[in-house]
Each structure stands twice: as C-alpha cells, then as structure tokens.
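K.L.:
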Amino acid sequence: MYTCSPTVPPRVSLEPARQVVRPGEVVRIRCSATGLQPITIEWNKDQGRMPASVIINGGELTFRGIATTDAGRYICVARNRGGITRAVAEVLVNANKGSQSTFSGITEGLYFDDLEDGDVDEDDSSSTPDEGYFLQVEEVMCKFICHNRSICIAPLEMCDGTPDCPDGEDEEGCYFDSLNPS
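Sequential numbering from 1 applies to the sequence shown in the UniProt record's numbering.
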C-alpha cells in the first residue's frame, strides 16, 4: 500500500506586506510559510544588496535604525520539495519632517467589473484569492503641494536641486549624489 502526499509549494504570509516608516525606527517584517516540511525561508532585496543594518532571524527581517536608502521591496523566498514561493514586502521610508496633511481635490476611482483567471499572476503570492488581490499601479503621476498650499510641484521638479516651494521643502530628504551621475 502506497500513500501519496501532494507536492505543492509552500504558502507564504507576510506581516506587514507594506509599511511606511520614519528614518531611525526599528522595523520588522515577518514571513511565515506553511506546507510540506521541511521549508526553508530566505530574504533578498529587489534590485540591490541587503542593507548592513538588517538582521535576518529565520523568517523575520529586522532593520536596526532604518535609513531612507533602505526603502524598497524585500522578497521572502520559501522553498520545499514542491517548489518555490515568493512574496514581496514594500518598505517606504518617509524622511519628510513636516506634518501629515490632507488635501481636498479630485478623487480618481478604479473599478473592475470582472477579473478573469488569466489576469492573475499565479506566481505572485503577495495575495491570494481568499484575501483578495493586490493591485499595483505603475508610473502614477503625482504632484507635491507646498505646505502653504500656494504652489503645486510637478514630479520632475521634485529633488531636482532647485527649490520650487518658498521654504524649499520640495528638496528635503533628497539624495542628489544618487540622482546626478558622477
């Protein structure tokens, strides 16, 4: 008599999958995986090397004093005999010293009537059908509004080395050495 176990890749969960933090904070991302054992978990940084301030302990990635240069996408890779599953966590580091503000204006809406099976990337395990799907919109044009609300700055005018806001806040937290080739 033979017993057969399904050989499927692990199921991955991230906590949190996206977070906005301030420089200097201690930041944690937990990656857990379930499925056919043994499961190994590793972390990688999308498009770059892992920062020196990072400690990896099993499925937990911890930044000791996160910096604005640490912002990015971090990939949890879980492996077992059934295959590999990847999940992406996004970390945004807000260096703006100003207070959080809300602005009234035009609201954009995006609605789907139907989502066909072919429209879903099955290899992207950052969300599952049970949890709903994560929509990532690329190349969204944003504008920066100066604190005194007198000027609206176009995206190309942000961090260009020339202050456009009266107090120069559109140039705060910018890293010119990474923007200007030397």
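Note that beta-carbon positions come from the ideal geometry of N, C-alpha and C, so glycine has one too.
The structure presented is a predicted model; accordingly, all values stated were derived computationally and were not measured.
Which residue or residues does DSSP assign as beta-bridge partners of Gln19?
P.N.:
DSSP output for Gln19 lists Val91 as bridge partner(s).
K.L.:
Can you list, in chain order, the residues of its chain whose CB lies under 8 Å from that of Glu60, leaving out five sequence neighbours each side?
P.N.:
Here the set comprises Arg28, Ile29, Arg30, Cys31.
K.L.:
Since Ala87 and Leu14 are thought to touch, with beta carbons under 8 Å apart, how far apart are those beta carbons, to the nearest angstrom?
P.N.:
With 8 Å as the limit, Ala87 and Leu14 qualify as a contact, their Cβ atoms being about 5 Å apart.
K.L.:
Helix, strand or coil: how does DSSP classify Thr69 here?
P.N.:
Correct three-state label for Thr69: helix.
K.L.:
Among the residues of its own chain, which have a CB less than 6 Å from the CB of Glu90, if the five just before and after it don't count?
P.N.:
For Glu90, where only same-chain residues beyond five positions count, the Cβ hits under 6 Å are Arg18, Arg73.
K.L.:
For Thr68, I'd like the list of residues in its chain whose CB is within less than 8 Å of its CB, leaving aside the five on either flank, ordered along the chain.
P.N.:
Correct list, in chain order: Pro23, Val93, Ala95, Gly173, Tyr175.
K.L.:
How would you write the range of the beta strand (DSSP E) that Ala33 sits in, first residue to last?
P.N.:
Note, Ala33: beta strand (DSSP E), 27-34.
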